[in-house]
Amino acid sequence: MKTTTIVTTEISIDELIELISDKLIDKIEHYLKDVNKSQNDLLLTRKEIAKYLRVSITTIHHWMEYEILDPIRIGNRVYFKKQDILDLVEERKHSNLTRLKRP
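Number 52 in the UniProt record's numbering belongs to position 52 of the sequence shown; there are no gaps in the numbering.
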């Protein structure tokens, strides 16, 4: 026969609320970390990148030729990692470049 021991503890309502809040915050932070990671792993098309960066698709093509953008080819389709684009934008902000130029 299996026995189970139940231990009861007396705590105040405030302590209970704090315990529940801490657990909820941990769960929410874990969830948000997963969501942010999966969003940055998204693959975007040339059209989506052009719209986001407010440039033409021809410009995207040139940046691919000049190896400014690193495409991912799946079959005959071309994609880019969202994080790579965000990194490029951030790099551009810090380098004070007004335009991306050929190497």
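Quick reminder that beta carbons are idealized off the backbone N, C-alpha and C, glycines included.
Quick check on residue i: buried or exposed, where buried means 16 or more other Cβ atoms within 10 Å of its Cβ?
{"i": "Leu69", "result": "buried"}
{"i": "Ile25", "result": "exposed"}
{"i": "Ile60", "result": "buried"}
{"i": "Arg46", "result": "buried"}
Which stretch, first to last residue, makes up the alpha helix (DSSP H) that contains residue i?
{"i": "residue 190", "result": "Within the shown structure, residues of the chain are numbered from 1 to 103, placing residue 190 beyond reach of any answer."}
{"i": "Val89", "result": "Lys82 to Ser95"}
{"i": "Leu69", "result": "No alpha helix (DSSP H) contains Leu69, which DSSP labels as neither H nor E."}
Relative to the alpha-carbon of residue i, which residue among the options has its alpha-carbon at the smallest distance?
{"i": "Glu78", "options": "Glu91, Ile49, Leu88 and Ser95", "result": "The question names Glu, yet the displayed sequence has Val at residue 78. Among Glu91, Ile49, Leu88 and Ser95, the Cα nearest to that of Val78 belongs to Ile49."}
Tell me which residues share the same chain as residue i and place their Cβ nearer than 7 Å to its Cβ, disregarding the 5 neighbours each side in the sequence.
{"i": "Lys23", "result": "none"}
Let me check one thing: in DSSP terms, what residues is residue i bridge-paired to?
{"i": "Tyr79", "result": "Thr45 and Ile72"}
Under 8 Å Cβ to Cβ from residue i, same chain only, skipping five residues before and after it: list those, please.
{"i": "Pro71", "result": "Met64, Val78, Tyr79 and Phe80"}
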